[in-house]
């Protein structure tokens, strides 16, 4: 089974004077449910980061803070160094390790 990935933009930092966004904070959350009914277990993994942006407020394609959509901010994240496929693959690997662990911790005696 494969995880479902949800990309969100929790906040953007911007210059008040011209409305230019100079930092976008992003999060990708992976969720995967294994099993059904009472035996279902949901696994999650997440990644969070920031992307610094350089903008030109006089450019014809400039979008000020109050007009930016989340989809536009997400596209800026992916266009400025965050590899969407790689991020999702890494999160899927983390989920896979939860579903089928290869390591454990603890002590072999009872207390």
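In the numbering used here, the protein residues as written are 30 to 140.
The beta-carbon is built from N, C-alpha and C at its ideal position, and this holds for glycine as well.
Once DSSP output is grouped into helix, strand and coil, what is the label at residue i?
| i | result |
| --- | --- |
| residue 134 | coil |
| residue 128 | helix |
| residue 51 | strand |
| residue 141 | Limits of the chain in this structure are 30 at one end and 140 at the other, which puts residue 141 out of reach. |
| residue 102 | helix |
Can you name, in chain order, every residue of its own chain whose Cβ lies under 6 Å from the Cβ of residue i, other than the five neighbours on each side?
| i | result |
| --- | --- |
| residue 121 | 32 |
| residue 35 | 58 |
Can you name the residues that DSSP bridges to residue i?
| i | result |
| --- | --- |
| residue 44 | BP columns for residue 44 are empty, so no partner. |
| residue 116 | Bridge partners of residue 116: none, in fact. |
| residue 36 | 57 |
May I ask whether a heavy atom of the ligand COA can be found less than 7 Å away from the beta carbon of residue i?
| i | result |
| --- | --- |
| residue 83 | No copy of the ligand COA appears in this structure; indeed no ligand is present at all. |
Leaving aside the five residues before and after residue i along the sequence, list all residues of the same chain whose C-beta is less than 8 Å from its C-beta, in chain order.
| i | result |
| --- | --- |
| residue 107 | 113 |
| residue 84 | 49, 50, 51, 91 |
Suppose the cutoff is 7 Å on Cβ atoms and the five residues either side in sequence are ignored; what does the same chain contact list for residue i look like?
| i | result |
| --- | --- |
| residue 74 | 59, 120, 123, 124 |
- [ ] Counting only runs of 3+ residues fully inside the segment 60-99, write out the beta strand (DSSP E) ranges in chain order.
- [x] 70-81
The segment 49-66 contacting the segment 95-106, beta-carbon criterion three pairs below 8 Å: yes
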